[in-house]
Amino acid sequence: MSDSYNIPTFTYKPIPLTERLHARVYGAINPSRSCLSQAGKTVLITGGSDGIGFAIARNFGFAQADRVIITGKPREKLDAAVDKLFRKHKASQNHCTPANFEGRLCHLPDTNSINRLFHELAVNGYSIVNVSSGAIHDFGSPKDLSSYSLTKAAGTLLLQKLADESNPQQTQIINFHPGAIFTAQTRDKGMAEDSMNWDDGDLPDAFAVWCASPEALFLHGRFVWAAWDVDELKGPIRERLEKDVDFLRIGVHGL
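Everything in the sequence shown is counted per this note's numbering, starting at 8 for the first residue and increasing by one.
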């Protein structure tokens, strides 16, 4: 493993598909890499007013996206998040071009609200990066939260099927498990910073930028972990992906 995991109250262990496992951002997924540039692109992040979504928005700013739109509610929380994104981006040593961050209220029951949002987005190709969860295949965890595993699995399968019907050159779709990330939501559920060996909060955020880049095209329709080393994924594991259409996809093992 390239990053050591301290052992606190209980231990989080990524599935070792790659020999090198990561708990924090490393060179290959650093959003400042020119080959991961999002210049000229509009990025839409649902639930981007806090937690992982907020941090993903910040990293797309580091990757020089022209426009980063976050959705959420209420309006006060959304406006505060946008202001915070501008301040963090301005204070960062990593940014090159100022990103335009926007907050949009988007109510799911209001189809007109959704239609207005997507009508304004560019139509010259999409990358859909879904923050899923390892709970879709680790049925022993989390306990007593069956609805969480169910909804994450359903959302992941939906995008997997959409990927089957999509040209990856036009619509690149990747599902990924972000890792063990300590957020305000996990704190609200009673966990503490020393409850386990949390991954660095920037790991899934930089990984999301990489997933939206041409480098990740070969993972179209697959489910991966942010902890896995992308250079190894692009090596021997890629060969297996090309030979096995069911590898790293939701299904019934053995059929």
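Even for Gly, the Cβ is constructed at its ideal location relative to N, Cα and C.
Beta-carbon contacts of alanine 191 that lie in its chain and below 7 Å, excluding the five residues immediately before and after: Within the sequence shown, numbered from 1, the residue matching residue 191 stands at position 184. So the qualifying residues of the chain are Asp57 and Gly58.
Beta-carbon proximity check, isoleucine 143 vs phenylalanine 230, cutoff 9 Å: What you label residue 143 is simply residue 136 of the sequence shown in a count that begins at 1. What you label residue 230 is simply residue 223 of the sequence shown in a count that begins at 1. In contact: isoleucine 143 and phenylalanine 230 (Cβ atoms closer than 9 Å).
Find out if the Cβ-Cβ distance for the pair lysine 168, serine 140 is shorter than 9 Å. The residue labelled residue 168 in the question sits at position 161 within the sequence shown. The residue labelled residue 140 in the question sits at position 133 within the sequence shown. The answer is no: Cβ separation not under 9 Å.
Going straight from the alpha carbon of threonine 25 to that of glutamate 239, what length do you get? Stepping through the sequence shown from its first residue, residue 25 is reached at position 18. Stepping through the sequence shown from its first residue, residue 239 is reached at position 232. Their backbone Cα atoms lie some 6 Å apart in a straight line.
Taking the C-alpha atoms as reference points, what is the distance between threonine 163 and asparagine 137? As a first step, residue 163 must be located in the sequence shown, where it is residue number 156. As a first step, residue 137 must be located in the sequence shown, where it is residue number 130. In a straight line, the C-alpha of threonine 163 is about 7 Å away from that of asparagine 137.
Could you tell me the distance, in whole angstroms, from the CA atom of tyrosine 12 to the CA atom of serine 134? Numbered from its first residue, the sequence shown carries residue 12 at position 5. Numbered from its first residue, the sequence shown carries residue 134 at position 127. Confidence at tyrosine 12 is low in this model, with a pLDDT of 45, below 50, so its placement is unreliable and no value can be given for it.
Only counting runs of 3 or more residues, tell me where the beta strand (DSSP E) segments fall wholly within the region 162–233, in order along the chain. 178–184 and 230–232
Do the region 219–235 and the region 172–181 touch if we need at least three Cβ pairs shorter than 8 Å? yes
Give me the residue from Ile257, Ser153 and Asn37 with the minimum Cα distance to leucine 165. Here residue 165 is taken as the residue at index 158 of the sequence shown, counted from 1. Out of Ile257, Ser153 and Asn37, Ile257 has the C-alpha closest to the C-alpha of leucine 165.
Determine the direct distance from the alpha carbon of arginine 27 to that of serine 9, and round the result to whole angstroms. One-based indexing of the sequence shown puts residue 9 at position 2. One-based indexing of the sequence shown puts residue 27 at position 20. Because the pLDDT at serine 9 is just 48, under 50, the model does not fix this residue reliably, and the value given afterwards should be weighed accordingly. Cα to Cα, the separation comes out at about 5 Å.
Please return the same chain residues whose Cβ sits closer than 7 Å to the Cβ of leucine 210, not counting the five positions on each side in sequence. Here residue 210 refers to the residue found at position 203 when the sequence shown is read from its first residue. Counting only Cβ-Cβ distances below 7 Å, and skipping sequence neighbours, we find His29, Ala30, Arg31, Val32, Gly186 and Ala233.
With DSSP collapsed to three states, give me the class of threonine 78. The sequence position of residue 78 within the sequence shown is 71, counting from 1. The answer is strand: DSSP assigns threonine 78 an E or B state.
As a quick exercise: from Thr118, Ala219 and Asp206, pick the residue whose alpha carbon is nearest that of proline 271. Nothing can be reported for residue 271, as the shown portion of the chain is limited to 8 through 262.
Mind checking which residues open and close the beta strand (DSSP E) that includes isoleucine 135? On the sequence shown, residue 135 is found 128 positions in, with the first residue counted as 1. That run of the beta strand (DSSP E) goes 133–138.
Neighbourhood of aspartate 212 by C-beta, 6 Å cutoff - its chain only, sequence neighbours within 5 removed: By one-based count along the sequence shown, residue 212 stands at place 205. The answer, listed in chain order, is Ala62, Ile63 and Asn66.
Alpha-carbon to alpha-carbon, cysteine 113 and phenylalanine 93: Residue 93 sits at position 86 when you count from the first residue of the sequence shown. Residue 113 sits at position 106 when you count from the first residue of the sequence shown. So the alpha carbons of these two residues sit roughly 21 Å apart.
DSSP state of glutamate 109, grouped into three classes? Here the question's residue 109 lines up with position 102 in the sequence shown. Glutamate 109 falls in the strand class under three-state DSSP.
If I follow the unbroken alpha helix (DSSP H) through isoleucine 63, where does it start and stop? Residue mapping note: residue 63 aligns to position 56 of the sequence shown, counting from 1. Unbroken alpha helix (DSSP H) run through isoleucine 63: 58–69.
Check whether the Cβ atoms of glycine 60 and threonine 53 lie closer than 9 Å to each other. By one-based count along the sequence shown, residue 60 stands at place 53. By one-based count along the sequence shown, residue 53 stands at place 46. Going by C-beta atoms, glycine 60 is nearer than 9 Å to threonine 53.
Buried/exposed call for arginine 245, threshold 16 Cβ in 10 Å: Working through the sequence shown from its first residue, we reach residue 245 at position 238. Its Cβ having fewer than 16 others within 10 Å, arginine 245 is exposed.
C-beta contact flag for leucine 152 and leucine 51 at 9 Å: For the purposes of this step, residue 152 is identified with residue 145 of the sequence shown, where counting begins at 1. For the purposes of this step, residue 51 is identified with residue 44 of the sequence shown, where counting begins at 1. Against a cut-off of 9 Å, the Cβ pair of leucine 51 and leucine 152 comes out as no contact.
Let me check understanding here. Comparing Cα to Cα, which of Thr78, Lys97, Val259 and Ala170 lies closest to serine 120? Locating residue 120 in the sequence shown gives position 113, where the first residue counts as 1. Nearest of Thr78, Lys97, Val259 and Ala170 to serine 120, Cα basis: Thr78.
Name the one or two DSSP bridge partners that isoleucine 52 has. Walking along the sequence shown from the start, residue 52 turns up at place 45. Paired residues: Ile77.
Burial state of proline 21 (16 or more Cβ within 10 Å): The sequence position of residue 21 within the sequence shown is 14, counting from 1. Proline 21 should be labelled buried.
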